[in-house]
Amino acid sequence: MDNLNNLSLYKAKLFDSICMLDKKNLPLSEWIKEWISIFTSVYEVYEFALYERNDYGYSQMMTSNNEEGRLDHLLTVAEVEGIFNNNPYYFVENIQHYSSGFCFSLDSEYPSYILFCNFTSQYSEGNPKSTLDILQTTEYFLQKSMAVQRALSEDDRYRELYKVTEVFHSSMDMDVLLSEVIQTLRKVFPDYTYFLYLANDPHEYVDLPIKNFDYDQASQAAMETFVSGEITIEQGCNEVLKNLYAPLKGKQGVYGILRVATNATFHFPDGDKEFIKLLAYTAGSALENAKLYQQSKRLVSDLQLINETSHKLNSNLRLSETLTFLNRQIQKSMDATEIGFVFFTEGLHPYSILPGSSEFFHTHLGKSYIEFALTRINNEKDALFIGDMEGKREDLHEYRSLMTVPMVQNSDVIGFCIVLQSLPYAFSFDMYKLLQSFIHHSTLALTNSMLREKLEEMVITDHLTKLYSRNHLDEFISRSMLEDEKGCLVLVDIDNFKRVNDTYGHQVGDEVIVQVANLMSSTSKGKGLAARWGGEELAIYFPHLSIGEAEPYVESIINDCPLATNPKVTLSAGVSSWKKGFMYTEDSLFHKADTALYEAKRTGKNKYVKDSSLESVL
C-alpha cells in the first residue's frame with residue numbers, strides 16, 4: 155500500500171477512535187495507546203519507543219514488548235536536539251537501532267512527544283509532504299485528545315468545586331470547612347503539597363496541615379499575598395520547592411493563606427492557578443461566614459451574660475456578694491486563673507484588695523502583679539491587654555496573660571479589675587471587650603454597695619468611739635437570746651469622769667472615752683461586741699460565754715485601763731449573764747448588769763461586780 159493510501163487509512167482510523175474515545179471519557183493514556191496501536195498497524199511498525207516531555211527532559215512512556223533497554227529511560231533536551239537537528243523527523247540514522255524518529259510539537263517550543271520506530275517494510279521517506287501529513291495528522295489527534303482531557307479535567311474540577319461549595323453553604327463548622335478544602339485540593343491536584351495558615355485562630359487542628367499565621371516568621375511572598383489579597387509565586391530559598399500562595403479572602407478581609415508547594419522546576423499552569431484561586435476565594439467567603447456566625451453567637455451569649463450580670467448587680471447585693479458573683483461570671487466566660495478587684499485608698503496604703511479576689515493577690519507575687527498594673531494604669535490612664543508578660547518584668551513570669559480594666563466613676567479612676575492566666579495569649583480580644591463591659595456595668599453597683607455598707611455602718615456605729623451604737627447592741631442581744639445557748643453582758647463606767655472634764659476639758663474627756671473604747675474593742679475582738687452605752691458608759695456583750703468564761707476579759711480591761719489612758723482613769727463594771735431555760739429578758743439582763751455596776755461604784759470603784767442572783771451563776 156502506498157503512502158497516500160496509508161495516510162488515508164491512518165486518518166480514518168484516528169477519526170473513528172476520536173468518536174469512540176470521546177464518548178467513553180477515557181484518560182489521556184488510553185488515547186495515547188489507541189494512537190500507537192493505529193500507527194504501528196497502519197505503517198507496519200515492529201519496534202518503537204515513545205517519550206513524553208517533562209520537567210527534566212523526556213521520559214520513556216511506552217515501548218514495544220521486545221524493546222526494553224534499547225534507549226535510556228530518560229533523554230535530555232540536548233540529546234533530542236542532537237538526534238533531530240531541528241527537524242521534526244529523521245530516517246535511516248540508525249540511532250541505537252531505530253531507523254526513524256518523529257517529533258510531535260503541540261503547544262510549546264519543545265516537542266511534547268517523541269516516537270522512535272522501525273518499520274517492517276521500507277517506509278518511503280522520499281516524500282516529505284507525506285511525512286509532514288503524518289506529523290500534522292498525529293499532532294491534530296494528540297491536540298484533540300489533550301483538549302478533551304482538559305475539558306474532562308475542568309469538568310471534574312468544577313464538579314468538585316460545586317461539591318465543596320455545597321458543603322460550605324451547609325455547614326458553619328470551621329473544622330469541616332477546612333478539612334473539605336484540603337481534601338478537595340488533594341483530590342484535584344494530588345501531586346501538590348498543601349498548607350493552610352490562618353490568622354487570629356488559636357484553635358489547634360491535629361489531623362490537618364493547618365498552622366497559625368505567624369506575621370514575624372512569614373516569607374515576603376506570603377505577607378504580600380496576605381496584605382494584597384492576590385496570588386503570588388515564590389521560589390523557595392533552598393531552590394528545591396516552589397510555593398504558590400493564595401489568599402483565603404472574604405468580603406471583609408483576608409482570613410489566612412493557602413500555600414501550594416511543588417517541585418522547584420515545575421511551572422504552575424494557568425488553569426491550576428485559576429482553580430486554586432477560585433477555591434481559596436470560595437473557602438475565604440465560607441470561613442468569613444463561619445466566623446461571623448460564631449461571632450454573632452458569641453456576642454449574643456456575651457449580651458445575655460452582661461444582661462444577667464447587670465440584673466444581678468442591681469438586686470441590692472452586699473459588696474462581698476457582688477464581687478463573688480462578678481468573679482464567678484468572669485471565671486465562667488474567660489477561664490481565668492486569678493481574678494482580683496482593687497480599690498484605691500488614701501493614706502499609707504495606696505490600694506486595698508476587695509473581698510471576692512483570688513487569694514493569690516494577697517501573696518507577695520500577687521501584689522507584684524497588682525503594683526505592675528497600678529503603675530501602668532497611673533501612667534497610661536487606660537486598660538491593659540498583654541498577651542505575653544515575658545520580658546515585661548523579670549519576676550512576673552508565672553502568669554503570662556494579663557488583662558486589667560480600670561473602674562471609672564465620674565471620670566475618676568477608683569480602682570481596677572485584674573485577670574491573669576498562666577498560658578500566653580490565653581485571652582482573645584473579644585474576652586477583653588467583654589471584661590470591659592463587665593467592669594463598666596458593675597462599677598456603679600460596686601460603689602453603691604460600698605456606700606450602702608458605709609451608711610449602714612454609720613447608722614450602727616458611734617461617731618466618737620467607732621464602737622457599735624446602743625441600738626445595734628440591743629438588736630444583737632435580742633438575736634443572741636433567740637439563737638444562742640448563753641451570753642454575758644458587761645456594763646462599764648469611767649470613774650470620776652466629771653472630774654476629768656472639769657480638770658482637762660471636754661475635748662480631753664472625749665479622748666479618754668476613745669482610749670477606753672479602743673482598749674475594750676481590742677480586748678474583746680473576736681469574742682465580744684463592744685458598744686457605747688451612753689455618755690461615759692460603755693458595754694461589751696459576749697455571746698456563747700458565761701460569767702466565768704467572760705471574767706478574764708473583764709479583769710484585763712479593768713487592770714489595763716490606767717496604763718492605756720492619758721490622763722489615767724479607772725473603770726467600774728457590772729456583769730450579768732443569761733442561759734437558755736431560765737426566764738431572762740433583755741430588760742432583766744440590762745437591769746442586773748446595771749445593778750452590779752452601781753454596786754461596784756458604791757463599794758470603791760476600779761473593779762467589777764458580778765450579778766449575785768442564782769440564775770447568773772453559770
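Counted the way our numbering counts, the sequence shown spans residues 155 to 772. Built from N, CA and C at the ideal position, the CB exists for glycine as well.
Asked: Nearest-angstrom Cα separation, counted from residue 187 out to residue 280; Found: Only weak support exists for where residue 280 lies, its pLDDT of 49 falling under 50; the value from the coordinates is given anyway. Cα to Cα, the separation comes out at about 28 Å.
Asked: In DSSP terms, what residue 271 is bridged to; Found: 202, 254
Asked: Residue 242 and residue 168 closer than 8 Å at C-beta; Found: no
Asked: Assigned secondary structure, residue 706 (DSSP; H/G/I helix, E/B strand, else coil); Found: helix
Asked: Option nearest residue 635 by Cα separation, candidates 697, 552, 540; Found: 697
Asked: Test item: CB-CB of residue 701 and residue 760 under 8 Å; Found: no
Asked: Cα-Cα separation between residue 459 and residue 484, rounded to whole angstroms; Found: 10 Å
Asked: Inter-residue Cα distance where the pair is residue 223 and residue 230; Found: Its pLDDT being 49, under 50, residue 223 is placed unreliably by the model, and the measurement read from it follows with that caveat. Near 17 Å, if we compare the C-alpha coordinates of residue 230 and residue 223.
Asked: Inter-residue Cα distance where the pair is residue 738 and residue 716; Found: 34 Å
Asked: Extent of the continuous alpha helix (DSSP H) run through residue 191; Found: 182-196
Asked: Span separating the alpha-carbon of residue 718 from that of residue 589; Found: 50 Å
Asked: Within 8 Å, strictly: CB atoms of residue 576 and residue 552; Found: yes
Asked: C-beta contact flag for residue 415 and residue 389 at 8 Å; Found: no
Asked: Inter-residue CB distance, residue 330 and residue 342 (contact presumed, cutoff 8 Å); Found: Actually they do not touch by this definition, with Cβ atoms about 18 Å apart.
Asked: Residue 720, DSSP secondary structure in three states; Found: coil
Asked: For residue 398, the residue or residues it bridges with in DSSP; Found: 387, 414
Asked: Which listed residue (436, 622, 161) has its alpha carbon closest to that of residue 317; Found: 436
Asked: Residue 333 to residue 345 span [Cα, whole Å]; Found: 18 Å
Asked: Own chain residues within Cβ distance below 8 Å of residue 477, not counting five before or after; Found: 495, 508, 509, 510, 511, 600
Asked: Backbone CA spacing between residue 631 and residue 695 [nearest angstrom]; Found: 8 Å
Asked: Closest by C-alpha distance to residue 166, when choosing among 543, 192, 404, 668; Found: 192
Asked: Backbone CA spacing between residue 354 and residue 372 [nearest angstrom]; Found: 14 Å
Asked: Contact under 8 Å by Cβ, residue 272 with residue 205; Found: no
Asked: Residue 583 burial status per 10 Å Cβ neighbour count (16 or more: buried); Found: exposed
Asked: Bounding residues of the beta strand (DSSP E) (the contiguous stretch that carries residue 367); Found: Run containing residue 367: none; DSSP gives neither H nor E here.
Asked: Nearest to residue 194 (by Cα), restricted to the options 515, 172, 161, 207; Found: 161
Asked: Segments assigned beta strand (DSSP E), at least 3 residues, entirely inside the region 533-585; Found: 538-540, 555-563, 566-575
Asked: Assigned exposure category for residue 612 - 16 Cβ within 10 Å defines buried; Found: exposed
Asked: From 610, 596, 422, 579, residue whose alpha carbon lies closest to that of residue 571; Found: 596
Asked: Segments assigned alpha helix (DSSP H), at least 4 residues, entirely inside the region 296-353; Found: 328-342
Asked: Inter-residue CB distance, residue 654 and residue 723 (contact presumed, cutoff 8 Å); Found: 6 Å
Asked: Beta-carbon proximity list for residue 292, same chain, < 6 Å, skipping 5 on both sides; Found: 258
Asked: Residue interval of the beta strand (DSSP E) (run including residue 232); Found: Unbroken run through residue 232 is the alpha helix (DSSP H), 231-238; no beta strand (DSSP E).
Asked: Any 3 or more C-beta pairs closer than 8 Å across the region 675-685 and the region 613-623; Found: yes
Asked: Closest Cα partner of residue 395 within the set 479, 421, 232, 408; Found: 421
Asked: Pairwise C-alpha distance: residue 586 and residue 359; Found: 25 Å
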